[in-house]
Amino acid sequence: MQNSYLLIGAIVLIGVFLVAQYNKLVRLNVTVDEAFGQIEVQLQRRADLIPNLIETVKGYAAHEKTTLESVTNARTQSVQAQSFDQVAAADNSLTSALRGLLAISESYPDLKASENFRALQEELSSTENKIGFARQYYNDNVSSLNQSVISIPGKFFAGPAKVVARDFYVVNDPANREVPKVQF
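Position one of the sequence shown corresponds to residue 0 (numbering that gives the first Met the number 0), numbered consecutively onward.
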């Protein structure tokens with residue numbers, strides 16, 4: 000009789016362990032999805048600032064049409080991006096285009112002195128910081144997920160939980176690793 004209680008207890012403990020491992024992987028997977036969602040929220044916030052920034056610059060530097068068009072095109076790509084790879088590529092492209100737009104302001108003292116432009120620059124700088132923190136949060140969670148997926152016992156539960164290792168959010172172009180310079 001006592002042996003049957005031990006056997007039942009062992010089966011229950013094994014069952015609890017299996018469920019806990021499965022749930023851990025599912026929870027990590029959901030957390031990574033949520034973290035990527037935060038990156039997208041911040042990228043959308045930045046994309047929403049860009050039309051106002053372009054209009055402000057256009058008033059002072061209308062002949063900088065090529066730069067303004069590249070920012071507009073990069074913003075469009077950013078808003079339309081769907082997959083992880085598309086979002087990351089559009090983010091890189093938009094960051095580069097914004098760097099060019101903000102460099103224009105150096106040539107126009109009146110633009111730099113504009114209260115509206117300075118407020119937009121400050122908001123953009125704040126948003127870039129939030130994007131950086133969102134990327135870091137995402138990568139931290141991807142690291143935790145990937146470690147669980149490739150290590151034992153998680154390795155045995157990844158398939159049934161339909162959880163796979165994820166790619167880190169990487170800024171490909173070394174020039175894009177810097178936040179656009181915002182000077183007042």
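Heads up, the beta-carbon is just placed ideally off N, CA and C, and yes, glycines get one too.
Nearest-angstrom Cα separation, counted from residue j out to residue i
{"i": "Val162", "j": "Val148", "result": "7 angstroms"}
{"i": "Thr30", "j": "Tyr168", "result": "15 angstroms"}
{"i": "Lys111", "j": "Gln81", "result": "35 angstroms"}
{"i": "Asn175", "j": "Ile38", "result": "The predicted position of Asn175 is uncertain, since its pLDDT is 47 and thus under 50; no value can be drawn from it."}
{"i": "Arg44", "j": "Arg74", "result": "11 angstroms"}
{"i": "Glu114", "j": "Leu52", "result": "12 angstroms"}
{"i": "Leu67", "j": "Asn128", "result": "23 angstroms"}
{"i": "Asp32", "j": "Asp166", "result": "12 angstroms"}
{"i": "Leu6", "j": "Val141", "result": "38 angstroms"}
{"i": "Gly8", "j": "Gln41", "result": "49 angstroms"}
{"i": "Ser106", "j": "Pro159", "result": "59 angstroms"}
{"i": "Phe183", "j": "Pro108", "result": "Because the pLDDT at Phe183 is just 42, under 50, the model does not fix this residue reliably, and the value given afterwards should be weighed accordingly. So the alpha carbons of these two residues sit roughly 10 angstroms apart."}
Opening and closing residue of the alpha helix (DSSP H) in which residue i lies
{"i": "Ala112", "result": "108 to 112"}
{"i": "Tyr21", "result": "1 to 59"}
{"i": "Asp84", "result": "83 to 103"}
{"i": "Val78", "result": "64 to 79"}
{"i": "Ala157", "result": "153 to 157"}
Cβ pair residue i, residue j closer than 8 angstroms
{"i": "Ala34", "j": "Tyr137", "result": "yes"}
{"i": "Ala60", "j": "Ile130", "result": "no"}
{"i": "Leu144", "j": "Asn72", "result": "no"}
{"i": "Ala87", "j": "Ser77", "result": "no"}
{"i": "Gly153", "j": "Gln20", "result": "yes"}
{"i": "Phe116", "j": "Thr55", "result": "yes"}
Distance between beta carbons of residue j and residue i, contact taken as under 8 angstroms
{"i": "Leu100", "j": "Val70", "result": "5 angstroms"}
{"i": "Ser91", "j": "Val25", "result": "The identity of residue 91 in the sequence shown is Asn, whereas the question assumes Ser. That belief does not hold up - the Cβ atoms of Asn91 and Val25 are roughly 31 angstroms apart, past 8 angstroms."}
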